[in-house]
Amino acid sequence: MAELRELLERLSNEFGPSGRERAVRAAIRAEVEPLVDRLEVDALGNLITFKAGDGPEPRLKVMLAAHMDEVGFMITQVGKGGQLSFKAIGGIDARLLLAKRVLIGDDRVPGVIGAPVPHLQNHEQARRVLDIDDLTIDIGAENDKDAKAKVKVGDYGVFATRFTSLSDDPAWPTARGKAFDDRAGCVALVTLLAERYPVDVYGVFTVQEEVGLRGARVAAYRVEPDAAISLEGTICDDLPRPQGEDTTPVTRLGDGPAVTLMDRSLVSHPGLLRLLQETAAAEGIRIQYKAPGLGGTDSGAIHLTRAGVPATVVAVPSRYIHGPDAIINLNDLANTVKLVGAALRRIEPAHVGREK
Ligand SMILES: [Zn+2]
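The number in this note's numbering is simply the position in the sequence shown, starting from 1, with 105 added.
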């Protein structure tokens with residue numbers, strides 16, 4: 106657990122909005138290079154690793170995917186006063202942005218998203234939700250010339266959040282940080298690559314998931330897998346909830362790995378669902394099902410490549426996902442590794458509808 110926490114801390118703190126995954130890829134590459142048989146970085150920036158199985162041939166080729174990118178910002182304009190206009194990269198709720206600290210560009214220039222002060226607002230202004238186009242990033246520059254010496258149009262930004270452990274209680278170990286979607290999945294995949302399995306494993310760290318599952322699409326074409334599992338951080342809305350509301354949350358913190366039945370991008374392959382259910386039962390791992398119909402993942406792109414790929418998703422529930430500070434339970438992460446590792450030891454051609 107200490108190792109998972111430490112790796113999550115390092116990867117969560119890395120800079121990696123969609124299209125600028127270089128820093129997080131370098132950190133992951135250093136971790137996995139000693140663990141795998143070979144690796145390559147493709148034209149879009151996906152890190153594709155290969156680890157041969159030790160089972161009898163012919164062996165299934167299983168692709169595990171985790172996306173390196175996170176939601177973030179791109180600078181679109183530098184104003185006369187040195188204020189920076191920006192656009193969101195990926196799904197960010199503008200209501201979360203006011204007064205948040207950010208880091209901009211390759212030099213990680215620190216800034217704050219400016220917010221109106223209460224003294225100057227009337228009742229109507231105070232109630233209005235500001236749109237992202239009304240907001241600017243302030244890096245403390247004197248004017249546009251000063252700002253342009255540090256930041257240029259097209260620079261990327263991320264939330265300036267540092268990882269924090271919230272609880273070391275083994276029964277309820279929690280942590281707070283940014284980009285758990287999908288650095289939690291990246292941690293799970295790095296950890297899984299430490300072992301060898303009967304099947305051939307392609308561990309793929311993808312780019313540009315948050316802007317349309319783009320890296321996974323080309324990586325799956327190259328790998329041509331027999332089956333694919335995406336490792337994700339997913340919506341967890343068990344808190345806060347309105348009093349007395351009688352609905353089922355999408356996932357609950359601490360209830361184990363969340364298995365996708367159906368989201369907006371994928372209907373999970375029935376054979377792979379059966380594999381995960383059999384594995385969970387045999388290993389005594391508690392799993393939960395993500396409420397159907399929400400979100401999309403790399404598996405949505407992977408399952409439609411070439412002639413089709415049986416695919417599913419296993420995810421770590423993450424409160425306040427796509428915001429500056431998410432919260433996860435590290436037991437859910439540890440059990441995701443356990444579940445998927447055990448599934449790789451159990452998977453048979455019958456699970457993916459292939460004759461031996
Ligand atoms: Zn994700």
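Ideal Cβ positions, reconstructed from N, Cα and C, are used throughout, including at glycine.
Since this is a predicted model, take the numbers as computed values, not measurements.
Whether residue i touches residue j by CB criterion (8 angstroms)
i, j, result
"E315", "S123", "yes"
"Y326", "R411", "yes"
"A474", "K257", "Examination of residue 474 is not possible in this model, given that the chain is present from 106 through 461 alone."
"S331", "G158", "It is worth fixing the name first, because residue 331 is Asp in this sequence and not Ser. No."
"G259", "I180", "yes"
"L169", "F155", "no"
"G400", "D368", "yes"
"G452", "V167", "One point to set straight first is that residue 452 is Ile, not Gly, in the sequence displayed. The answer is yes: Cβ separation under 8 angstroms."
"A293", "L438", "yes"
"P397", "L371", "no"
"L203", "I237", "no"
"L152", "V146", "yes"
Sequence-distant residues of the same chain with beta carbon closer than 6 angstroms to residue i, five excluded per side
i, result
"G150", "E126 and V312"
"Q182", "S190"
"A363", "T339, T356, Q393, K395, A420 and P422"
"E119", "A128, V129 and A132"
"R322", "A406"
"V222", "none"
One or two residues paired with residue i in a DSSP bridge
i, result
"M173", "BP columns for M173 are empty, so no partner."
"L152", "V146 and F310"
"V372", "M367"
"Y394", "V364"
"P215", "L208"
"P422", "T339"
"T279", "N434"
"F178", "A193 and G262"
"D305", "K166"
"V183", "L189"
"A333", "M168 and A416"
"D466", "In the structure displayed, the chain extends from 106 to 461; residue 466 sits before or after that span and is not available."
Where residue i falls, given that 16 or more other Cβ within 10 Å makes a residue buried
i, result
"T353", "exposed"
"P429", "buried"
"V457", "buried"
"T269", "exposed"
"H228", "exposed"
"S373", "buried"
"Q188", "buried"
"N440", "buried"
"E175", "buried"
"R233", "exposed"
"H224", "exposed"
For residue i, three-class secondary structure by DSSP
i, result
"D286", "helix"
"E453", "coil"
"G405", "helix"
"L438", "helix"
"K250", "helix"
"S270", "strand"
"V292", "helix"
"P223", "helix"
"I133", "helix"
8 angstroms Cβ cutoff, residue i in contact with chain C
i, result
"F310", "The displayed structure is made up of one protein chain only, and chain C is not part of it."
Cβ shell of residue i (< 8 angstroms), same chain only, five flanking positions each side left out
i, result
"R424", "C341, D342, D343, L344, L358, A431, I432 and I433"
"L435", "M106, L109, R110, L113, P278, T279 and A280"
"I194", "P122, S123, G124, V176, G177, F178, M179, Y261, E315 and V316"
Cβ-based neighbour list, residue i, same chain, cut-off 7 angstroms, excluding 5 preceding and 5 following
i, result
"T296", "L109 and V442"
"D239", "none"
"S117", "F268, G282, K283, A284, F285 and R288"
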